[in-house]
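Using this note's numbering, read the sequence shown as starting at 5 and increasing by one per residue.
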Amino acid sequence: MDRKVAIVGIGCRYPGGVNTPGDFWSMLAEGRDCTIPPPDDRFDASFFWHPNRTPGKLYSRCGGYLQCNVFEFDRQFFKIPPDEANHLDPQIQLLLEVTWEALENAGIPPRSIRGSNTGVYVGVTSSEYLMMTVSPFSNISQYTNSGTNSCMVANRISYEFDLHGPSFSVDTACSSSLYSIHLASEAIRKGDCSMAIAGGVNLMLLPGTTIGFCQAGMLSPDGKCKSFDASADGYCRSEGAGVVVLKPLDKALADGDRVYAVIRGGSLTNDGRTPGIANPSYDAQLDLVEKACAAAKVHPHEIQYVEAHGTGTKVGDRTEANALGQILGRGRTEEDLPLYIGSVKSNFGHTEGAAGVAGIIKLALMISKGQIPRVVHFSSPNPDIYFDVLNIKVPRALLQWEGDGTRLAGCSSFGFGGANAHLILERTPSSVPPAAVANSDKVYEKQCEKGTGHETIMLLSGNTKAALKEQIGLWISFITNKIAFNEDRFQQSLYTAANRYQHHAERLAIVVNGPEDAVKKLNLLTRGEKLKAAVDGKVPEGAERGKMAFVFSGMGTQWWGMARHLALEDPVFSDVIQRFENVLKTLGADWSIADMLTKETNPDKINRTGTMVKKMTSTGWAHKKHLQLVVENDSTANLLWGSNNKTRQLSVSSISDIQSSAVGGKPSLHLITEKRDFTFIFNSKEGMESWRQTLWTLVNTALDEDSESEDTYL
5 MDRKVAIVGI
15 GCRYPGGVNT
25 PGDFWSMLAE
35 GRDCTIPPPD
45 DRFDASFFWH
55 PNRTPGKLYS
65 RCGGYLQCNV
75 FEFDRQFFKI
85 PPDEANHLDP
95 QIQLLLEVTW
105 EALENAGIPP
115 RSIRGSNTGV
125 YVGVTSSEYL
135 MMTVSPFSNI
145 SQYTNSGTNS
155 CMVANRISYE
165 FDLHGPSFSV
175 DTACSSSLYS
185 IHLASEAIRK
195 GDCSMAIAGG
205 VNLMLLPGTT
215 IGFCQAGMLS
225 PDGKCKSFDA
235 SADGYCRSEG
245 AGVVVLKPLD
255 KALADGDRVY
265 AVIRGGSLTN
275 DGRTPGIANP
285 SYDAQLDLVE
295 KACAAAKVHP
305 HEIQYVEAHG
315 TGTKVGDRTE
325 ANALGQILGR
335 GRTEEDLPLY
345 IGSVKSNFGH
355 TEGAAGVAGI
365 IKLALMISKG
375 QIPRVVHFSS
385 PNPDIYFDVL
395 NIKVPRALLQ
405 WEGDGTRLAG
415 CSSFGFGGAN
425 AHLILERTPS
435 SVPPAAVANS
445 DKVYEKQCEK
455 GTGHETIMLL
465 SGNTKAALKE
475 QIGLWISFIT
485 NKIAFNEDRF
495 QQSLYTAANR
505 YQHHAERLAI
515 VVNGPEDAVK
525 KLNLLTRGEK
535 LKAAVDGKVP
545 EGAERGKMAF
555 VFSGMGTQWW
565 GMARHLALED
575 PVFSDVIQRF
585 ENVLKTLGAD
595 WSIADMLTKE
605 TNPDKINRTG
615 TMVKKMTSTG
625 WAHKKHLQLV
635 VENDSTANLL
645 WGSNNKTRQL
655 SVSSISDIQS
665 SAVGGKPSLH
675 LITEKRDFTF
685 IFNSKEGMES
695 WRQTLWTLVN
705 TALDEDSESE
715 DTYL
């Protein structure tokens, strides 16, 4: 039960064009207010608006609306039939997309977890789409219930991604998604699931719920959440969706995952009996935070920040802030940092079923960035909150997160029926450094470094040609964005695109040498130009996926420096080389393949066509290069086999015919253990002479025709 849980992936859609974790952070760092009047595709806001609390009308002019058409859905991407998709709640559609993005953000190809014990926990409070589609009753179809029932919000994700862990929707009103994240983390701790997808969703398609809250006097007339401010006059309704991918911390570290933050622990409580069912309880909130600290095994004064519920109601803000200050802030010494409190609701309103996960996303980004954003609309502190006595502060600007680097913080979410949740997060413990990216990954990154002279492959894909074109544009924007881009990110992103993204049917591979070269080639492709350095194609429908084909090339294909980084840095690769070296010694060789592979200069000038051909006609030189090529091929096969054991095809040329029979679709290290084929190549002078004559026949014409062949590069 002490197992910590890591947040390794984030997906989101929130107001203000917040469609990625990067967008979310930009919105926070800039301190933007993202509320707007209702879009025309929802309802006629002018018809329903009235300045007073009039039955059937709403007095709140603005809300936090998504800047997209929420009724658009790429059903073909998820292979959902048209009739079924038409009856699918847009909240489910939105969550399917955001879940996919969260998994890719975590570096987990979504199709790679099919059949896994992954749990799905989703907060959702209503289905306004159901109310829109069942009148008249003749509109009801065989897909209505499965497309709009709240249980299906979670179950549909499990179905589409083929996940076999626990799966259920949670409705505790405004705390639904934080309840979901807590339940998911506890399930991971108990071993009920190996990984979890947790979050929430809320869409405002009809005016009815807003009218109801206006009648209760809960909403702000101007549609702004003025959290903890003296001018607070109600909250602003909002919509959105958020998903976090959770894994056991030890597993995340072992897998080399990026960890945004770690969930230490949390608690769930209820207000019980209060003067009214929607009235908050000061005592219940004290109890909630105290239990959360106990579960997380932290002292209250260690908490440095709380992402509060902070809706911007006078009573709610006063109750929450004073309770937080009483248990976390009071009694701090001068050496202690003050307790900062904030609320993302000041940026885009209260997303209700998606509010708790919005707070967790904000907190996870703050912890990973080491900064505390300001609270929008905060200028005059609420006089009913005892800021000074309780050592509470509300950030008015983007602050650096001071302290010892632990970055312990809490997140609160309260349902208006009394269901409360509080989670405590922290930075990845410095005492447990993340597992280094596999050595082969490091090599891949090194080959991407600008100025190394090593070209590498950029892989892009899309479900359609249009999607692939969009990917090209996104890559150009990413690389040329000076705020987001740096050399390290380019290297890491190439690796991630190749190894930790889902590859779709329409594919494109480009040979690039650094970011500037990549942008140049991508721009040429967008203009429709053909490049020798780019290959595209489409995976046939129903083609078997995940198979690997080994291509064992013959002489003449090598270039200087080929496999040099692997030989120097990859343990699997270098281990195979060492075993070949041991065999060479037993055969009486007085030279080293390892030395040939790791030379810092190119004394043989093997990249040059003329030099290469002349040296290859020398039996002794060619003999060594044959052995080097065999070692490179076999070492690479063993390295790749570790990541994919589904090899089904072999393509061979010249001397590699021998090697293919050795590998034969499985890396038995036949050349090492039996030594038969390796010994044959080592001793085969007649074979080398025959090969030399064949080579000369093939290239002598080219040498006669090209007097500059010494400077011609393969």
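Built from N, CA and C at the ideal position, the CB exists for glycine as well.
Asked	Found
Best match in Y63, S271, G374 and K301 for proximity to S50 [C-alpha to C-alpha]	Y63
Cα-Cα separation between A571 and D579, rounded to whole angstroms	9 Å
Other residues of its chain near G419: CB distance less than 6 Å, five sequence neighbours each side excluded	T176, A177, C178 and S179
Whole-angstrom distance between L464 and F165, CA atom to CA atom	22 Å
H303 - DSSP class collapsed to helix/strand/coil	coil
With 16 other Cβ atoms within 10 Å as the buried cut-off, status of D599	exposed
C-alpha distance - S596 paired with E459, whole-angstrom precision	27 Å
Whole-angstrom distance between A513 and I581, CA atom to CA atom	29 Å
K397 in three-state terms, based on DSSP	strand
DSSP-derived helix/strand/coil call for Y309	strand
Member of E243, G221 and D492 whose CA lies at the smallest distance from the CA of P55	G221
Residue closest to L99, alpha-carbon to alpha-carbon, out of V128, A401, T122 and T590	V128
Cα-Cα separation between S130 and E339, rounded to whole angstroms	47 Å
Residue from Y309, L341 and E324 whose Cα sits closest to the Cα of D275	E324
Every unbroken alpha helix (DSSP H) inside the region 354-388 [4 residues or more]	359-373
C-beta contact flag for S171 and V124 at 8 Å	yes
Neighbourhood of T500 by C-beta distance below 7 Å, restricted to the same chain and skipping five residues each side	G111
Contacting residues, own chain, Cβ-Cβ under 8 Å from R7 (five flanking each side not counted)	I192, R193, P252, L253 and D254
Cβ distance (whole Å) where G260 is taken to contact G204 below 8 Å	Actually they are not in contact, since the Cβ atoms of G260 and G204 sit about 29 Å apart, beyond 8 Å.
Neighbourhood of C197 by C-beta, 8 Å cutoff - its chain only, sequence neighbours within 5 removed	N121, T122, G123, G169, P170, A188 and A191
Three CB pairs or more closer than 8 Å across the region 313-332 and the region 224-235	yes
contact_flag[the region 35-51, the region 289-305] where n(CB pairs < 8 Å) is 3 or more	no
Between the CA atoms of W104 and A200 - distance to the nearest angstrom	13 Å
Any 3 or more C-beta pairs closer than 8 Å across the region 32-45 and the region 63-77	yes
Range of the contiguous alpha helix (DSSP H) that encloses M136	E132 to T137
Euclidean distance between Cα positions of A425 and I371	20 Å
Q160 - DSSP class collapsed to helix/strand/coil	The amino acid occupying residue 160 in the given sequence is Arg; Gln does not appear at that position. Reduced to three states, the DSSP call for R160 is helix.
Classification of F391 by the beta-carbon crowding that lies within 10 angstroms, buried from 16 upward	buried
Beta-carbon proximity check, H91 vs Y183, cutoff 8 Å	no
Proximity of G353 and S242 at Cβ, strictly below 8 Å	yes
Through-space distance from P387 to N23, alpha-carbon basis	36 Å
Contact under 8 Å by Cβ, L332 with L341	no
Inter-residue spacing [alpha-carbon to alpha-carbon] between V310 and D93	34 Å
8 Å Cβ cutoff met for G363 and W405	no
Uninterrupted beta strand (DSSP E) stretches inside the region 479-544 (no shorter than 3 residues)	510-516 and 538-542
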